[in-house]
Every structure is written in C-alpha cells, then in structure tokens.
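In terms of full-length UniProt numbering, the sequence shown has 138 at position 138, counting the first letter as 1, and numbering is strictly consecutive.
Here the structure comes first, spelled out in structure tokens, and everything after it is commentary.
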Amino acid sequence: MDSYEHYSIIARGNFGTVELYKQKDGRFVVFKKIPLDNMTDQEEKMAYEEAVLMSRFNHPNVIYLHECFITDRILCIVMEYAMGGTLEEFLRKKGGKLLSQTEVVYMFSQMVHGLHYIHQRGVVHRDIKPSNILLTPVGVEIVVKIADFGLSKIFKSRKTEFTSVLGTPSYLAPELCEGQSYNKETDIWALGCVLYEMMTLKKAFGAETLGSIVRKILQCQFVPPNPQKYGEHLRQLLYCLLRIDPTCRPSTQMIMADVAITEMCHKLTVNLGLVPSSHKT
C-alpha cells in the first residue's frame, strides 16, 4: 500500500468499494476493495478466485489486473484505470442523440473481441451490461474494455451449471428467467441487450416492475431500432443475438466472422494497434 496514494472513492456496492489511487509515478489505478470479515469461507474463496482469474487475462479489450493482495482483512484488487468512464455514462451523456452506425460497430466489435477472449478461456461473465463496459481514450479514439468479473466462474465443460441468478434483470436471458443455467449463450443475449442500448439509448426490456421486465424478456418484446439510422445487416445481427432459443444464438467466433465486424476489426488493428498487450505472457 505504501506505493499507492488514495485519491477518491468511485463507487460503493454490496461487496465493497471501488476507489481511485495514484501510483508514485503519477499514474492512476483502481482498487476494488472487498471486506472479508463478514464473508463465509465459500464467499472468501470466491473473492480470492476472482482475483486469480482476472490475473490470467491479457487482452486489449479486457480490463487489466495489476496485482491483488489482502490487508487488514480486505482483499484489494488493483486494476487499470479506464479514464473514459463506463459505456452507461457515455450513452447517458449523448442526451438522446443516437450514435452513428459506424460508432456502434466500432465499439461493439471491441466488446465481441473481449468477450471472445474470455469465453475461449472457459469463463462466463454473467453480468454483461453498459456499466461493466469501460472506455479508455487513445488519442481521439476510444478503446473498449470489458470489466468486473466478480461473478464469473471457470467452467470445464458446457454441462457445468451456474444456477444462481446474479445478473442485472434487464439483461437476463429468457432461460435464466426460467431458472436455467448461465453459459456462454446467456452472455451473448446480454451482449445483444447492450448492442440494442447503443442503437436506441434505451433498455431493450426496460419496465417499472421486475414482473414486467421478465414478461418482456420471455416474449422477446422490444421496439426495433430505427431502420433509417441503422442498416438491415446490423439490425439482423441484433435480432440473432436476441433469439429466445439459446442454441440459435451465434457464438463470439461467429459474430467475429461477420463482414462488418471483420472490417472494423481490421481498421482497429491498423489505427489503434489493438493486438493482445504484452503485460504478461
């Protein structure tokens, strides 16, 4: 802790606080502090496993973990600071002005690459939503990073079941509402909800009550994006992600093979050099 200077508290949650610190070299980092005092042995084990899990990730579209340690019965997870804030904040600041199709594809392509990296390593995120998508400015461009793996689990096969519903209601897949298991397909549905939000600045399945949200999700009832603003190809991709039958949803690999996504990823590589970073091997 001697090498860090406390700067401010970013957020407080059920599992602790998120705080901004400054390193001696002047760079900022984010501390996720998780108190261990009131945790069961299982909860403490899960919290530690989260830190270990995150330390294995090394991709430009996944938030980077610098280190983790326990001090005064508090688990501290030190992560890179995304100074551009969250996608949720970014969309709110648009003030109702819709993103262009290029902007949507630009950001969505990076999310797909980040999620693909996570899925390839046997991890289900379980809580994909705009507030867990972080933005980092690089010149005049934005690098998108997936964050918050506190609810993730390593699974060894597709038969592994994660039965507890831990995600945010508006982003839950239909099968989760019916008590089924978390898997890669439920992440794809949530990714579709995020894509919809980027195209409309509204939640796909927003409602005043939990019951109303669930009914809309089970019926896949949402207002289609503006066809004059977004092309047929992008809208069809959205509809594929939000298919009620999880077996009919595309994998991240299939999404990455989409022509528009492939072209954008090439531009990202050329313009931003978005290739896996060399933090770790």
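Quick reminder that beta carbons are idealized off the backbone N, C-alpha and C, glycines included.
Q | Candidates K202, M54 and C220, of which the one nearest K93 by Cα | A | For the purposes of this step, residue 93 is taken as the residue at position 93 of the sequence shown. If we check each option's Cα against that of K93, K202 comes out closest.
(Q) Using 8 Å as the threshold, is the C-beta distance between V143 and P60 below it? (A) Sequence index remark: in the sequence shown, residue 143 carries index 143 (1-based). Sequence index remark: in the sequence shown, residue 60 carries index 60 (1-based). V143 places its beta carbon less than 8 Å from that of P60.
Q: Give the DSSP-derived three-state secondary structure of L135 in the structure shown.
A: Taking the first residue of the sequence shown as 1, we reach residue 135 at position 135. Looking at L135 - three-state DSSP - the assignment turns out to be strand.
**Q.** Candidates L135, A173, Y117 and C177, of which the one nearest E80 by Cα
**A.** Along the sequence shown, read from residue 1 onward, the residue named residue 80 stands at position 80. Scanning L135, A173, Y117 and C177 for the CA closest to the CA of E80 turns up L135.
Q: Scan the stretch 96-140 and note each continuous beta strand (DSSP E) run of 3 residues or more that stays entirely inside, going in chain order.
A: Taking only runs of at least 3 residues, the beta strand (DSSP E) segments lying wholly in the stretch 96-140 are 133-138.
Q. Can you tell me whether Q219 is buried or exposed, with buried defined as 16 or more other CB within 10 angstroms of its CB?
A. Indexing the sequence shown from 1 puts residue 219 at position 219. The Cβ neighbour count for Q219, taken over all protein chains shown within 10 Å, is under 16; the residue is labelled exposed.
Q: Note down, in chain order, each residue of its chain lying with its Cβ closer than 8 Å to the Cβ of T262, except the 5 sequence neighbours on either side.
A: The count along the sequence shown starts at 1 and reaches residue 262 at position 262. So the qualifying residues of the chain are M256.
Q | Closest residue to I244 among P225, A190 and S109 (Cα-Cα distance) | A | Position 244 of the sequence shown holds residue 244. Closest by C-alpha distance to I244, out of P225, A190 and S109, is A190.
Q | Bounding residues of the alpha helix (DSSP H) (the contiguous stretch that carries K22) | A | Counting from 1 along the sequence shown, the entry for residue 22 is found at position 22. That residue, K22, is in no alpha helix (DSSP H); its beta strand (DSSP E) goes G16 to Q23.
Q) Do the CB positions of Y171 and L238 come within less than 8 Å of each other? A) Numbered from its first residue, the sequence shown carries residue 171 at position 171. Numbered from its first residue, the sequence shown carries residue 238 at position 238. Cβ distance not < 8 Å, so Y171 and L238 don't count as in contact.
**Q.** Span of the beta strand (DSSP E) around K235
**A.** Stepping through the sequence shown from its first residue, residue 235 is reached at position 235. The amino acid at residue 235 is misidentified as Lys; the sequence shows Arg. R235 -> not in any beta strand (DSSP E); alpha helix (DSSP H) instead, spanning E232 to L241.
Q) According to the neighbour-count rule (16 or more other Cβ atoms, all chains shown, within 10 Å of its Cβ), is residue 284 buried or exposed? A) As shown, the chain starts at 1 and ends at 281. That puts residue 284 outside it, with no answer to give.
Q: Mind reading off the beta-carbon distance from E19 to S8? Whole number of angstroms is fine, and I expect it under 8 Å.
A: Residue 19 sits at position 19 when you count from the first residue of the sequence shown. Residue 8 sits at position 8 when you count from the first residue of the sequence shown. E19 to S8, Cβ: 7 Å. Contact.
(Q) At the level of alpha carbons, what is the spacing between R121 and I146? (A) As a first step, residue 121 must be located in the sequence shown, where it is residue number 121. As a first step, residue 146 must be located in the sequence shown, where it is residue number 146. Distance between the alpha carbons of R121 and I146 is about 14 Å.
Q: Could you pull the start and end residues of the alpha helix (DSSP H) that K184 belongs to?
A: Within the sequence shown, numbered from 1, the residue matching residue 184 stands at position 184. Counting along the chain, the alpha helix (DSSP H) containing K184 begins and ends at K184 to T200.
Q: Excluding the 5 residues preceding and the 5 following L87 in the sequence, name in chain order all residues of the same chain whose CB lies nearer than 6 Å to its CB.
A: Here residue 87 corresponds to residue number 87 of the sequence shown, with the count starting at 1. The answer, listed in chain order, is P130 and I133.
Q. If we ignore side chains and look at the alpha-carbon of each, how far apart do R126 and G26 end up?
A. Indexing the sequence shown from 1 puts residue 126 at position 126. Indexing the sequence shown from 1 puts residue 26 at position 26. In this structure, the CA atom of R126 is about 34 Å from the CA atom of G26.
Q. According to DSSP, which residues form a beta bridge with E67?
A. On the sequence shown, position 67 is the one that residue 67 refers to. Residue pairing for E67: DSSP places it in a beta bridge opposite V78.
Q) CA-CA distance, Q23 and F31? A) Numbered from its first residue, the sequence shown carries residue 23 at position 23. Numbered from its first residue, the sequence shown carries residue 31 at position 31. For Q23 and F31, the distance between alpha carbons rounds to 12 Å.
Q) Whose C-beta lies closer than 8 Å to the C-beta of V52 among residues of the same chain, with five residues either side of it excluded? A) For the purposes of this step, residue 52 is taken as residue 52 along the sequence shown, with counting starting at 1. C68.
Q. What are the residues that DSSP puts in a beta bridge with S3?
A. To locate residue 3, count along the sequence shown from 1; it is residue 3. Per DSSP, S3 has no beta-bridge partner at all.
Q. Which word fits N183, buried or exposed, when buried means at least 16 other C-beta atoms lie within 10 angstroms of its C-beta?
A. The residue given as residue 183 occupies position 183 in the sequence shown. Counting C-beta atoms within 10 angstroms of its own C-beta, N183 has 16 or more neighbours from the protein chains shown and is therefore classed as buried.
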